[in-house]
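J.:
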Amino acid sequence: MVKTKKIILPGPDDYNIPPENFQDYTVLLMGAKGIGKTTASSSFPGNLNVMWEPRRKNVKLRMIGADEGIMVRSAQEIIDGADDPWQLFIEYCAAAVEDPTITTITFDTVDLAYQACFESVCARLGVTHPNQIKDDYGASWNTIKNEFNALIDTIRASEKLGLLLISHVKERDQEFQEGSGTLSIIGPSCAPACLQILKSACEFWLYYGWKDGERTVFCRDPDRLIDVACGTGFMDPDSGEPLTSFTIPSNPDKFYDTLNTAFKGSSKPVRTTKKVVKKKTAKKKGAKRKRA
675 MVKTKKIILP
685 GPDDYNIPPE
695 NFQDYTVLLM
705 GAKGIGKTTA
715 SSSFPGNLNV
725 MWEPRRKNVK
735 LRMIGADEGI
745 MVRSAQEIID
755 GADDPWQLFI
765 EYCAAAVEDP
775 TITTITFDTV
785 DLAYQACFES
795 VCARLGVTHP
805 NQIKDDYGAS
815 WNTIKNEFNA
825 LIDTIRASEK
835 LGLLLISHVK
845 ERDQEFQEGS
855 GTLSIIGPSC
865 APACLQILKS
875 ACEFWLYYGW
885 KDGERTVFCR
895 DPDRLIDVAC
905 GTGFMDPDSG
915 EPLTSFTIPS
925 NPDKFYDTLN
935 TAFKGSSKPV
945 RTTKKVVKKK
955 TAKKKGAKRK
965 RA
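The numbering of the sequence shown is the working numbering, which starts it at 675 and goes up by one.
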């Protein structure tokens, strides 16, 4: 007989209490290149930025990057004897979990962090792409997904760490209802496999862009033109209605404080009738798309 743990159900007063500070969540922050996502990350308390992109010299930032071995190497390079940056990244994250001065870890970008995981797993399998493995039936893809998930889960499990995942943006065609046609929406630029991981890992998807000449964070989009989501927080303090967007001060040091204030429902919304992006004509697959 297989031994199992004693089952203890939560009591009637045993509730999961959502954190009060925005820093304690897993957040995807996406935006166009140059908008200031990396600079914004520097305002998060106790932030360590893991810079997979070329090192930034113009941002005051606690970071590790290419000088510390953080760069994407191809599977072939690793097979040929080069150091594996993904394995090094795992060690850095483990050290950050134990460091009391670090309370936020930023993957900059999550696109490249996933690519490093992809190349590392392929190298250990002796290939440069999973499709080269005969009769694999998706096993290697699952290995990549599980390994990337495991690192994210380790950070999320830490009581003291928040996780900020930075991505650029790209347009994707998405169908919201079967047979209704597709719309072109703005979303993260990461690989589709990475996108699925983020959908389950992140409590918040935010878009950082421009609106009426001001830097603006978008947390909801009723028109479904931007792939953003937040299940809680970000309410208009006057009306009690959900916020869709709010402006960011020109001082980048105030980014996190503004974000946290808006999350707690103390920030005024952006009030404008202008659209952020133009809606594209749906590609008809049947009937016209109906609004949900």
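Ideal Cβ positions, reconstructed from N, Cα and C, are used throughout, including at glycine.
Small disclaimer: the values here were computed from a predicted structure and weren't measured.
Are ALA936 and CYS893 touching if we call contact CB-CB under 9 Å?
T.: Yes, the pair counts as a contact, with Cβ atoms nearer than the cut-off.
J.: With DSSP as the reference, label PHE878 as helix, strand or coil.
T.: Correct three-state label for PHE878: strand.
J.: Might you give, ordered along the chain, the residues of its own chain that have their beta carbon closer than 8 Å to the beta carbon of PRO926, omitting 5 neighbours on each side?
T.: Once the five neighbours on either side are set aside, the close Cβ partners of PRO926 are GLY710, THR713, ALA714, SER716 and SER717.
J.: Once the 5 residues before and after LEU735 are set aside, which same chain residues still bring their CB inside 6 Å of it?
T.: Excluding sequence neighbours, LEU735 sits near SER716 and ASN723.
J.: Going straight from the alpha carbon of THR817 to that of PRO923, what length do you get?
T.: Roughly 42 Å between the two C-alpha positions.
J.: Who are the Cβ neighbours of SER841 in its own chain at under 7 Å, not counting the five residues just before and after it?
T.: So the list reads LEU702, MET704, THR783, VAL784, ASP785, PRO862, SER863 and CYS864, once near-sequence residues are dropped.
J.: Tell me, please, which residues DSSP counts as bridged to LEU837.
T.: For LEU837, which the question treats as bridged, DSSP gives the partners THR700 and ILE779.
J.: So what's ASN934 in DSSP terms, helix, strand or just coil?
T.: Residue state, collapsed to three classes: helix.
J.: Quick check on DSSP: helix, strand or coil for ASP927?
T.: In the structure shown, ASP927 sits in a helix (DSSP, three-state: H, G or I).
J.: Go through its chain and collect everything with a Cβ distance to ARG945's Cβ below 7 Å, but skip five positions before and after it.
T.: Note on ARG945: pLDDT 45, under 50, position unreliable in the model; no value is reported.
J.: Considering only the beta carbon of each residue, do ALA867 and TYR930 sit closer than 9 Å?
T.: In this structure, TYR930 does not lie closer than 9 Å to ALA867 by Cβ.
J.: Rounded to the nearest angstrom, what separates LYS680 and ASN690 at their Cα positions?
T.: One C-alpha to the other measures close to 21 Å.
J.: Name the two residues that bound the continuous beta strand (DSSP E) containing ASN723.
T.: First-last of the beta strand (DSSP E) with ASN723: 721-725.
J.: Could you tell me which residues DSSP puts in a beta bridge with TRP884?
T.: Note: TRP884 sits in a beta bridge opposite ARG889.
J.: At the level of alpha carbons, what is the spacing between VAL771 and PHE781?
T.: Going by the C-alpha atoms only, they are around 14 Å apart.
J.: Please state whether DSSP places SER919 in a helix, a strand or coil.
T.: Note: SER919 maps to strand in three-state DSSP.
J.: Closest by CA to MET909, which one among GLY887, ILE900, SER940 and THR932?
T.: It is SER940.
J.: For SER862, report the span of its alpha helix (DSSP H) as first-last.
T.: Going by the sequence as given, residue 862 is Pro instead of Ser. Per DSSP, PRO862 belongs to no alpha helix (DSSP H); it is in the beta strand (DSSP E), 856-862.
J.: Given a cut-off of 9 Å, decide if GLY739 and ARG729 are closer than it, judged by their beta-carbon atoms.
T.: It is a contact, given that the beta carbons lie within the stated cut-off.
J.: Pick out whichever of THR828, ASN695 and THR856 has its Cα sitting closest to the Cα of GLU765.
T.: The option with the nearest alpha carbon to GLU765 is THR828.
J.: Could you have a look at ALA740 and say whether DSSP puts it in helix, strand or coil?
T.: Here ALA740 sits in helix by DSSP.
J.: Suppose only complete runs of 4+ residues qualify. What are the alpha helix (DSSP H) ranges in the region 771-830, listed by chain order?
T.: List check, alpha helix (DSSP H) in window: 784-798.
J.: Using DSSP's beta-bridge definition, name the partner residues of GLY705.
T.: In DSSP, GLY705 forms a bridge with TYR882.
J.: Just to confirm my understanding: we take ASP967, look at its own chain, exclude 5 residues before and 5 after, and list those with CB closer than 8 Å. What are they?
T.: Outside the shown range of the chain, which is 675 to 966, sits residue 967, and nothing can be said about it.
J.: Using 8 Å as the Cβ pair cut-off and three pairs as the minimum, do the region 801-817 and the region 884-892 touch?
T.: Contact between the region 801-817 and the region 884-892 is absent, because fewer than three Cβ pairs lie under 8 Å.
J.: Between which two residues does the alpha helix (DSSP H) holding GLU751 run?
T.: That run of the alpha helix (DSSP H) goes 749-753.
J.: ARG945 by DSSP, collapsed to three states: which one?
T.: In this predicted model, ARG945 has a pLDDT of only 45, less than 50, meaning its place in the structure is not dependable; the value taken from the coordinates is given anyway. Three-state DSSP puts ARG945 in coil, outside helix and strand.
J.: Using 8 Å for Cβ pairs, my map puts PHE878 next to CYS904. What's the rounded Cβ distance?
T.: Right, the Cβ-Cβ distance comes to about 5 Å (below 8 Å), so this counts as a contact.
J.: Measuring only the C-alpha atoms, how far is ILE900 from ILE860?
T.: ILE900 and ILE860: Cα-Cα distance of roughly 5 Å.
J.: Kindly indicate which three-state DSSP category ASP895 falls into: helix, strand or coil?
T.: Here ASP895 sits in coil by DSSP.
J.: Would you report the Cα separation of ASN619 and ASP698, rounded to the nearest angstrom?
T.: No answer is possible for residue 619: it lies beyond the span of the chain, which begins at 675 and ends at 966.
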